[in-house]
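Colleague:
Protein chains: 4
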Amino acid sequence: MSSNQESDRARSRKGGEPPESESAPGGAGDDAAIESTADEDGRVTRARELRRERRDQIQQAAERVFASKGFHAASISDVIEAAGTSRGTFYLYFDGKRAIFDALLDELFGKLKACVRPVDLTAEARPLEQLRANVACAMKVVAENRDLTRILYRTGQGVDPEVDRKVAAFNAGVTELIRRALRGGMQIGIVRQLDDQLVAQCIYGSLKEIVFHSLEARVFDDKPLAHIVDEILRYNIEGLRGP
Amino acid sequence: MSSNQESDRARSRKGGEPPESESAPGGAGDDAAIESTADEDGRVTRARELRRERRDQIQQAAERVFASKGFHAASISDVIEAAGTSRGTFYLYFDGKRAIFDALLDELFGKLKACVRPVDLTAEARPLEQLRANVACAMKVVAENRDLTRILYRTGQGVDPEVDRKVAAFNAGVTELIRRALRGGMQIGIVRQLDDQLVAQCIYGSLKEIVFHSLEARVFDDKPLAHIVDEILRYNIEGLRGP
Amino acid sequence: MSSNQESDRARSRKGGEPPESESAPGGAGDDAAIESTADEDGRVTRARELRRERRDQIQQAAERVFASKGFHAASISDVIEAAGTSRGTFYLYFDGKRAIFDALLDELFGKLKACVRPVDLTAEARPLEQLRANVACAMKVVAENRDLTRILYRTGQGVDPEVDRKVAAFNAGVTELIRRALRGGMQIGIVRQLDDQLVAQCIYGSLKEIVFHSLEARVFDDKPLAHIVDEILRYNIEGLRGP
Amino acid sequence: MSSNQESDRARSRKGGEPPESESAPGGAGDDAAIESTADEDGRVTRARELRRERRDQIQQAAERVFASKGFHAASISDVIEAAGTSRGTFYLYFDGKRAIFDALLDELFGKLKACVRPVDLTAEARPLEQLRANVACAMKVVAENRDLTRILYRTGQGVDPEVDRKVAAFNAGVTELIRRALRGGMQIGIVRQLDDQLVAQCIYGSLKEIVFHSLEARVFDDKPLAHIVDEILRYNIEGLRGP
DNA sequence: CATGAATGAGCCTTCATTCAT
DNA sequence: AATGAATGAAGGCTCATTCAT
Numbered sequence: 044m045s046s047n048q049e050s051d052r053a054r055s056r057k058g059g060e061p062p063e064s065e066s067a068p069g070g071a072g073d074d075a076a077i078e079s080t081a082d083e084d085g086r087v088t089r090a091r092e093l094r095r096e097r098r099d100q101i102q103q104a105a106e107r108v109f110a111s112k113g114f115h116a117a118s119i120s121d122v123i124e125a126a127g128t129s130r131g132t133f134y135l136y137f138d139g140k141r142a143i144f145d146a147l148l149d150e151l152f153g154k155l156k157a158c159v160r161p162v163d164l165t166a167e168a169r170p171l172e173q174l175r176a177n178v179a180c181a182m183k184v185v186a187e188n189r190d191l192t193r194i195l196y197r198t199g200q201g202v203d204p205e206v207d208r209k210v211a212a213f214n215a216g217v218t219e220l221i222r223r224a225l226r227g228g229m230q231i232g233i234v235r236q237l238d239d240q241l242v243a244q245c246i247y248g249s250l251k252e253i254v255f256h257s258l259e260a261r262v263f264d265d266k267p268l269a270h271i272v273d274e275i276l277r278y279n280i281e282g283l284r285g286p
Numbered sequence: 044m045s046s047n048q049e050s051d052r053a054r055s056r057k058g059g060e061p062p063e064s065e066s067a068p069g070g071a072g073d074d075a076a077i078e079s080t081a082d083e084d085g086r087v088t089r090a091r092e093l094r095r096e097r098r099d100q101i102q103q104a105a106e107r108v109f110a111s112k113g114f115h116a117a118s119i120s121d122v123i124e125a126a127g128t129s130r131g132t133f134y135l136y137f138d139g140k141r142a143i144f145d146a147l148l149d150e151l152f153g154k155l156k157a158c159v160r161p162v163d164l165t166a167e168a169r170p171l172e173q174l175r176a177n178v179a180c181a182m183k184v185v186a187e188n189r190d191l192t193r194i195l196y197r198t199g200q201g202v203d204p205e206v207d208r209k210v211a212a213f214n215a216g217v218t219e220l221i222r223r224a225l226r227g228g229m230q231i232g233i234v235r236q237l238d239d240q241l242v243a244q245c246i247y248g249s250l251k252e253i254v255f256h257s258l259e260a261r262v263f264d265d266k267p268l269a270h271i272v273d274e275i276l277r278y279n280i281e282g283l284r285g286p
Numbered sequence: 044m045s046s047n048q049e050s051d052r053a054r055s056r057k058g059g060e061p062p063e064s065e066s067a068p069g070g071a072g073d074d075a076a077i078e079s080t081a082d083e084d085g086r087v088t089r090a091r092e093l094r095r096e097r098r099d100q101i102q103q104a105a106e107r108v109f110a111s112k113g114f115h116a117a118s119i120s121d122v123i124e125a126a127g128t129s130r131g132t133f134y135l136y137f138d139g140k141r142a143i144f145d146a147l148l149d150e151l152f153g154k155l156k157a158c159v160r161p162v163d164l165t166a167e168a169r170p171l172e173q174l175r176a177n178v179a180c181a182m183k184v185v186a187e188n189r190d191l192t193r194i195l196y197r198t199g200q201g202v203d204p205e206v207d208r209k210v211a212a213f214n215a216g217v218t219e220l221i222r223r224a225l226r227g228g229m230q231i232g233i234v235r236q237l238d239d240q241l242v243a244q245c246i247y248g249s250l251k252e253i254v255f256h257s258l259e260a261r262v263f264d265d266k267p268l269a270h271i272v273d274e275i276l277r278y279n280i281e282g283l284r285g286p
Numbered sequence: 044m045s046s047n048q049e050s051d052r053a054r055s056r057k058g059g060e061p062p063e064s065e066s067a068p069g070g071a072g073d074d075a076a077i078e079s080t081a082d083e084d085g086r087v088t089r090a091r092e093l094r095r096e097r098r099d100q101i102q103q104a105a106e107r108v109f110a111s112k113g114f115h116a117a118s119i120s121d122v123i124e125a126a127g128t129s130r131g132t133f134y135l136y137f138d139g140k141r142a143i144f145d146a147l148l149d150e151l152f153g154k155l156k157a158c159v160r161p162v163d164l165t166a167e168a169r170p171l172e173q174l175r176a177n178v179a180c181a182m183k184v185v186a187e188n189r190d191l192t193r194i195l196y197r198t199g200q201g202v203d204p205e206v207d208r209k210v211a212a213f214n215a216g217v218t219e220l221i222r223r224a225l226r227g228g229m230q231i232g233i234v235r236q237l238d239d240q241l242v243a244q245c246i247y248g249s250l251k252e253i254v255f256h257s258l259e260a261r262v263f264d265d266k267p268l269a270h271i272v273d274e275i276l277r278y279n280i281e282g283l284r285g286p
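Protein chains in written order, with our numbering: chain H, 44 to 286; chain Z, 44 to 286; chain R, 44 to 286; chain C, 44 to 286.
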């Protein structure tokens, strides 16, 4: 029930820009149009900035709150208190608890997607270095967004069908990326024959575990990132077998 | 917070046996003590059985409910409706929502622990077969307890510090088991030199991902368990590298 | 959206009896079945009585509150305060504010319908007396349920489509009754030829106005009911025309 | 209660004219006073027109919104959206939701009062024709202000004590008018002896019912207005009695 | 032991109104 | 005069838990 109601006000602004003020109605003076336009543009731009700032302020507060208390235990009251805004303002910028969680998810997934590139397997392209770069970047993003990642990790999936779908889609996306790389590798012979679907999941799982565990245990503080990445890559490439 | 209050009645029984009927209450007849004792023993035993049955009935209902709606979305009302008991009875057997979740967790972890044995690495013991047996057993347990496992997977950790601790402890336990096996393997040379902590997590992660994903995607219906186990083992032992 | 949510608990009990306890489950003793049954029946009956009492208590409180503050200005808090119950209890018996309003409406309409009988126009039946009885009874009901009627009068229709429908249906029902009487009267010649639909509304309107106005102005305190009824009937039968 | 607070700005303007621009604000030039006065008069007049236009624009929007959603379900947001103005502007012209409702009420009552004239009972004046004209005019006003009338009908009285008072006053006014006509009629013998107060209410009620019902059922579309008026008059004058 | 009516803290959300720009 | 972001009081509702019977 409640997950369907979104305030019209918030929804209308949701994905996009504020209504742009549609120029002033009424009998405004017609002379000096240029300056007035410039003024207005400036004001509108400024207003848009303020909107974004406010929104970010709330979103960041939510990030902190969710990360420390968990999604379910956190209340809107916690968020607005942390953000230093009023209840009403919160609902001016977000449609509710689920919606702000969604926004946080989008942010994290966006950052992660931004740093992972499909691996080019041609010899000149040094695929191993690309892999290393991908993994290192992902871990850097995670390390830089510890709160955000913890939210995702700790919350699991029980929030909402929509959120579940989003998380599943992200996981599927990453797994698919890995699977394609595996297939390519098999074709040119640098990867042995294997069940690409299953192994892609294994790889993704090994990465996730390291990532999330690092987060909780603050491993990054103890071991150099390069070491971690190296170990993961060797584990995945060479397996465990002794010489 | 309200989730900390535990009814005195339920707490008193918490870790242990039912109150053993505490002798017959009220004005029980004092004559014919011997027969009455015999009777009483029978009655007590029967009572204990009933207790266990009742408890199981509720716990199984909770398992179904949590698995289908998720821990947070499920209400006590859902559970007692599914169990066919009354509200009061529920609280007679469990301290609350968190407590029954705890019990379910214990059950699952118990079953999993029961089937995993430390690997004996001596040559005669065929360590690979032991590994295969461990993994296969774990996957069988999971497949047989789909609901239970889904609860854990879907709920993540946000339930409660106590639950979080339990989950973390289980994870740590498994990882430690793997780590010891790795160390043993390194000592006798069948495992290459590696960061046992990190790689243990990698292995655990790869297993978990397969397990949980299988659960949702019903992979077990499509691929033979043996194939899955083989692929996992080869992945972990040989890695990805082509010939 | 919101008008659809009715708590399952309340809904399940809505139109009817409590679940009747479905007999005690578990291994209850099989002897002495008769007394135990008797006991249980007694207990169940008593429980049902208590339920009804509680419900009435709340409903009457709501009646007072709505009558004095109006539906929109009254809050659930007002009702439960007046009823001396807790918030939760309210929702145990009613699905919400609209639902209790509905119940009040049903009560009033039920009482009104109960006292109005179709008029038998045959000469022996003294139709005038029947009319008088109908009108007098309706006014008595209204006078005895001043609060209830005021609620309806003051609230108008803006509460809810469902309520609107109910009110409209009641009005239509009464008008239809009058229309039929008019038609019958025209057929046997004691009523002149007229547009039965329009005039039925006129009659209903004249009655309603008297009724509702009396309510506010406490006319019943000043003028004998018989006088009022007489005037209404003469007005409707003879019109205004002087001799 | 919040509905009592009225912004000082709006209150100051309340019953009357706009602030007449209170001389030109800002650093207006002080020289050329005469021309400037002429200019200013023009400007002021123009400004006043604009004010009125703006106000009407909002009021008409409110009329539409209240009529379609009902007073309570309609929000200021709905009104300003329909009016194409901003929130702030709304409060510049009206003191709030209740105030604009008040204004609408005044408009409707004004129009109705404007078309009803006391009936001159002298023989030459053809009192029946006057009655017919009164009723016909009222029904025309209602038909032409369907939205406005529906608002009143649907909203009942629960809005506000002030509004209730206004509605009651209007009703009382009309009833009084009818009563006086009845008394006059009784004096010159064209109306039979009756309880003028009660019968005045009956008459008013019969009219109201027709009017409001017509509104919802769009009777005006099916039956000619003249027929309706004729039926009402005959009903009131001749009553129901057959020949 | 079993029951289920009662509780009330606490949640999410809305919206009339204000005020700085 | 116009704007619209900000406010926060208030409302409806849920649900884990208790306790008298």
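Don't be surprised by glycine CBs; every beta carbon is placed ideally from N, CA and C.
As the structure is a computational prediction, the values presented were derived from the model and not from experiment.
Along the chain, where does the alpha helix (DSSP H) containing Glu281 of chain C start, and where does it finish?
Modeller: Counting along the chain, the alpha helix (DSSP H) containing Glu281 of chain C begins and ends at Leu268 to Glu281.
Colleague: Mind listing the chain H neighbours of Thr165 of chain Z? Cutoff is C-beta to C-beta under 7 Å, in chain order.
Modeller: Those do not exist, as Thr165 of chain Z stays about 15 Å from chain H at its closest Cβ, beyond 7 Å.
Colleague: Please confirm if Phe144 of chain H has its CB atom under 8 Å from at least one CB of chain Z.
Modeller: It does not; no Cβ of chain Z falls within 8 Å.
Colleague: Can you find the residues in the same chain that come closer than 7 Å, C-beta to C-beta, to Lys154 of chain Z, ignoring five residues on each side of it along the sequence?
Modeller: Counting only Cβ-Cβ distances below 7 Å, and skipping sequence neighbours, we find Val184 and Asn188.
Colleague: For Gly113 of chain H, does the count of other Cβ atoms within 10 angstroms reach 16, so buried, or fall short, so exposed?
Modeller: The residue in question, Gly113 of chain H, is buried, as its Cβ has 16 or more Cβ neighbours within 10 Å.
Colleague: Strictly by DSSP, which residues pair up with Arg284 of chain R?
Modeller: Looking at the DSSP assignment, Arg284 of chain R forms a beta bridge with C:Val234.
Colleague: Thr198 of chain C touches chain R at which residues, Cβ-Cβ below 7 Å?
Modeller: Those are Gly199 and Gly201, listed as they occur along chain R.
Colleague: Assuming Ile221 of chain H and Ile253 of chain H form a contact by the criterion Cβ under 8 Å, report the distance between their Cβ atoms to the nearest whole angstrom.
Modeller: Rounded, the Cβ-Cβ distance is 15 Å, inconsistent with contact.
Colleague: Have a look at Lys209 of chain Z and Val122 of chain R and give me their C-alpha separation to the nearest angstrom.
Modeller: Cα-Cα distance, rounded: 46 Å.
Colleague: Tell me whether Ser46 of chain R sits in a helix, a strand or coil according to DSSP, three-state version.
Modeller: Below a pLDDT of 50, predicted positions are generally treated as unreliable, and Ser46 of chain R, at 38, falls in that range; the measurement from the model is reported next regardless. Three-state result, Ser46 of chain R: helix.
Colleague: Quick check on Ser64 of chain Z: does DSSP put it in helix, strand or coil?
Modeller: With a pLDDT of only 40 at Ser64 of chain Z, under 50, the local geometry of the prediction cannot be trusted, and no value is derived from it.
Colleague: Below 8 Å, how does it come out for the region 194-213 of chain R and the region 141-149 of chain R: are there three or more Cβ pairs, yes or no?
Modeller: Touching, yes.
Colleague: Can you tell me the Cα-Cα spacing of Glu219 of chain R and Arg175 of chain R, whole angstroms?
Modeller: The alpha-carbon atoms of Glu219 of chain R and Arg175 of chain R are separated by roughly 18 Å.
Colleague: Can you tell me whether His256 of chain Z is helix, strand or coil according to DSSP?
Modeller: His256 of chain Z falls in the helix class under three-state DSSP.
Colleague: For chain H, find out if any of its Cβ atoms is closer than 8 Å to the Cβ of Ile119 of chain Z; answer yes or no.
Modeller: With 8 Å as the cut-off, Ile119 of chain Z does not count as an interface residue toward chain H.
Colleague: With burial defined as no fewer than 16 other Cβ atoms inside 10 Å of the residue's Cβ, what is the status of Leu93 of chain Z: buried or exposed?
Modeller: Classification of Leu93 of chain Z: exposed, given that the 10 Å Cβ count is below 16.
Colleague: Would you report the Cα separation of Ile233 of chain R and Glu281 of chain R, rounded to the nearest angstrom?
Modeller: Going from the Cα of Ile233 of chain R to the Cα of Glu281 of chain R covers about 12 Å.
Colleague: Considering Leu147 of chain Z, what are the terminal residues of the alpha helix (DSSP H) in which it resides?
Modeller: That run of the alpha helix (DSSP H) goes Lys140 to Cys158.
Colleague: Which bits of chain H does Ala116 of chain Z rub up against, with CB to CB less than 8 Å?
Modeller: Correct list: Gly201.
Colleague: If you measure beta-carbon to beta-carbon, which residues of the region 223-251 of chain Z are closer than 9 Å to chain H?
Modeller: Within the region 223-251 of chain Z, the residues whose Cβ lies closer than 9 Å to some Cβ of chain H are Leu225, Gly228, Met229, Ile231, Gly232, Ile233, Val234, Arg235, Gln236, Leu237, Asp238, Gln240, Leu241, Val242, Gln244, Cys245, Ile246, Tyr247, Gly248, Ser249, Leu250 and Lys251, listed in chain order.
Colleague: In the structure shown, what three-state DSSP assignment does Thr128 of chain R receive?
Modeller: In this structure, Thr128 of chain R counts as coil in the three-state DSSP scheme.
Colleague: In angstroms, rounded to a whole number, what distance separates the CA positions of Ser120 of chain H and Gly127 of chain H?
Modeller: Their backbone Cα atoms lie some 10 Å apart in a straight line.
Colleague: What residue does the alpha helix (DSSP H) around Asn188 of chain C start on, and which one ends it?
Modeller: No alpha helix (DSSP H) holds Asn188 of chain C; DSSP gives it neither H nor E.
Colleague: Hey, Val178 of chain H and Leu250 of chain H are a contact pair by Cβ (cut 8 Å); roughly how many whole angstroms apart?
Modeller: 7 Å between Cβ atoms; contact.
Colleague: How about Ile246 of chain H and Leu164 of chain H: are their beta carbons less than 8 Å apart?
Modeller: No, the pair does not count as a contact, with Cβ atoms beyond the cut-off.
Colleague: Is the Cβ-Cβ distance between Arg235 of chain R and Leu171 of chain C less than 8 Å?
Modeller: Cβ atoms of Arg235 of chain R and Leu171 of chain C: not closer than 8 Å.
Colleague: Taking the alpha carbon of Pro161 of chain Z as the reference point, which residue from Z:His256, Z:Arg223 and Z:Arg197 has its own alpha carbon closest?
Modeller: Measuring from the Cα of Pro161 of chain Z, the nearest candidate turns out to be Z:Arg223.
Colleague: Run the CB neighbour count on Arg197 of chain Z, radius 10 Å, all protein chains shown included, and call it buried at 16 or more, exposed below.
Modeller: So Arg197 of chain Z ends up on the buried side.
Colleague: Check whether the Cβ of Pro286 of chain R lies closer than 8 Å to any Cβ atom in chain C.
Modeller: With 8 Å as the cut-off, Pro286 of chain R counts as an interface residue toward chain C.
Colleague: How would you call Leu151 of chain Z, buried or exposed, if buried means at least 16 neighbouring beta carbons within 10 angstroms?
Modeller: The residue is buried, with at least 16 neighbouring Cβ atoms inside 10 Å.
Colleague: Restricting to Cα atoms, I'd like to know which of H:Ala215, H:Gly201 and H:Ala186 is closest to Leu258 of chain H.
Modeller: Ranking the options by Cα distance to Leu258 of chain H, first place goes to H:Ala186.
Colleague: Rounded to whole angstroms, how far is the Cβ of Ala125 of chain R from the Cβ of Arg107 of chain R, which I believe are closer than 8 Å?
Modeller: With a Cβ gap of about 6 Å, Ala125 of chain R and Arg107 of chain R count as contacting.
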